[in-house]
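Take a look at the structure below.
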Amino acid sequence: MSILIVGSLAFDDIETPFGSSFDTLGGSSTYIALSSSYFTDEVKLVGVVGSDFEDKHFDLLHSRNIDTKGIKKVEDGKTFRWAGRYHYDMNTRDTLDTQLNVFADFDPEVPLQYRDAKFVCLGNIDPELQLKVLDQINKPTLVICDTMNFWIEGKPEELKKTLERVDIFIINDSEARILSGDPNLVKSARIIRNMGPKTLIIKKGEHGALLFTDKGIFAAPAFPLESIFDPTGAGDTFAGGFIGHLARCESINDLEMRRAVLYGSAMASFCVEKFGTEKIASLDMLEIEDRYQSFRELSRIDE
Ligand code: AMP
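Just so you know, we're using my numbering here: the sequence shown kicks off at 661 and counts up by one.
This is the structure we're talking about:
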């Protein structure tokens, strides 16, 4: 099944307690696309970049079979830029800089051949743009959405309009608290699900993720890793693994949704092992299945 992804394509400056990297290829849709490309070869991107986005960046996406016809290159503009610094525990980070650049005037146009996509993943981007993209898709089976505090605080009403049309919403714990106005995550989940999305995933960094559906709550751990270098993009990589697994399923039910959470977690655990997209651009399916099995073992008890 094809997946259409819209989100940011970016150059990031990242500082962690273990090192820093500058002008690193990033952006929400880059991570989502790379991650989901292991599960389906029909990944299509819609986004915008500037003249500083070079052929080698496109080549990287093409090396994973990602369709980039929906990426607009603005020759007299600069690609979106973000800078962040992680604290010692790596769970918290400060955004040092956000430069929208070409995203400021972006009016997304979904290529005709993308409009029948069944799975739509609205990566972290201005919620008004997310909605504009959604308006151009014929009849999606599943709409998944991610966001971040920048938009929750900056464009709350626009985000709520988008959420009315979203099936699965992925958000982290601190963002869930801000959006719902409630410090308790279970109550937050109820409040947010009432805004539209039937299914909600709350990511909790190194403490795993919670899946809320009509059937109840499923808790997945995060993989206990000895080396965590850079958590940037882990959330988007999670979303990519999650939607990627669902896109290869014959039907979507609670069991597949739980499996998808574990695949998302497995992909995210790879992402943090190296800076930027380095690790998730060069995996193979055997490693992924292996990590998925390790995840299942993490909380299994043979009575
Ligand atoms: P994550 O660590 O999963 O939150 O994703 C980090 C990625 O999101 C980075 O590669 C950034 O380029 C991108 N990003 C950061 N802020 C924004 C924003 N306001 N809108 C869109 N993308 C962003």
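All residues carry an ideal CB built from backbone N, CA and C; glycine is no exception. Quantities reported herein were computed from a predicted structural model and do not represent experimental measurements.
**OP:** Using three-state DSSP, classify residue 909 as helix, strand or coil.
**Re:** coil
Original post:
When the Cα of residue 951 is compared with those of 926, 816, 884 and 881, which residue comes out closest?
Top reply: Of 926, 816, 884 and 881, the smallest CA-CA separation from residue 951 is found for 926.
Original post:
Would the C-beta of residue 764 count as close to the ligand AMP, meaning under 7 Å from any of its heavy atoms?
Top reply: Judged by the Cβ position, residue 764 fails to qualify as a neighbour of the ligand AMP at the 7 Å threshold, every heavy atom of the ligand being at least this far.
Original post:
Whose C-alpha, out of 726, 838, 953 and 807, is nearest the C-alpha of residue 919?
Top reply: 953
Subject >> Range covered by the beta strand (DSSP E) that runs through residue 778 >> reply: Neither: residue 778 is in no beta strand (DSSP E) and is coded neither H nor E.
**OP:** Anything with a beta carbon under 6 Å from a heavy atom of the ligand AMP counts; list them all in chain order.
**Re:** 668, 670, 672, 686, 687, 688, 742, 758, 784, 785, 808, 810, 892, 893, 894, 895 and 896
Original post:
Can you name, in chain order, every residue of its own chain whose Cβ lies under 6 Å from the Cβ of residue 735, other than the five neighbours on each side?
Top reply: 711
**OP:** Compare the Cα-Cα distances from residue 755 to each of 745, 749, 764 and 761 and report the closest residue.
**Re:** 745
**OP:** Kindly identify the DSSP beta-bridge partner or partners of residue 742.
**Re:** 672 and 758
**OP:** List the endpoints of the continuous alpha helix (DSSP H) containing residue 921.
**Re:** 914-931
**OP:** Kindly indicate which three-state DSSP category residue 832 falls into: helix, strand or coil?
**Re:** strand
**OP:** Report, in whole angstroms, the separation of the C-beta atoms of residue 727 and residue 694, which I expect to be a contact under 8 Å.
**Re:** At roughly 13 Å, the Cβ-Cβ gap does not stay under 8 Å, so residue 727 and residue 694 are not in contact.
**OP:** Tell me whether the beta-carbon of residue 730 lies closer than 8 Å to the beta-carbon of residue 937.
**Re:** no
Original post:
Between the C-alpha atoms of residue 674 and residue 859, what's the straight-line distance to the nearest angstrom?
Top reply: Their Cα atoms are separated by approximately 32 Å.
Subject >> Every unbroken beta strand (DSSP E) inside the segment 842-878 [3 residues or more] >> reply: 859-863 and 869-873
Original post:
Between the C-alpha atoms of residue 877 and residue 917, what's the straight-line distance to the nearest angstrom?
Top reply: 11 Å
**OP:** Round the Cβ separation of residue 763 and residue 907 to the nearest angstrom and send it over; I've been treating them as touching at under 8 Å.
**Re:** The Cβ separation is near 26 Å, so there is no contact.
Original post:
Expressed to the nearest angstrom, what Euclidean distance is found between the alpha-carbon atoms of residue 945 and residue 910?
Top reply: 19 Å
Original post:
Should residue 678 be labelled buried (16 or more other beta-carbon atoms within 10 Å of its own) or exposed?
Top reply: exposed
**OP:** Quickly, what does DSSP pair residue 665 with across the bridge? List them, please.
**Re:** 705 and 781
**OP:** In the DSSP assignment, find the unbroken alpha helix (DSSP H) run with residue 692 in it and report its ends.
**Re:** Segment 688-696, the alpha helix (DSSP H) holding residue 692.
Original post:
With burial defined as no fewer than 16 other Cβ atoms inside 10 Å of the residue's Cβ, what is the status of residue 880: buried or exposed?
Top reply: buried
**OP:** Report the partner residues of residue 734 according to the DSSP bridge assignment.
**Re:** 710
Original post:
When burial is assigned at 16 or more other CB atoms within 10 Å of the CB, is residue 722 buried or exposed?
Top reply: exposed
Original post:
Hey, would you say residue 658 sits closer than 8 Å to residue 857, going by beta carbons?
Top reply: Outside the displayed range of the chain (661 to 963) lies residue 658, so it cannot be described from this structure.
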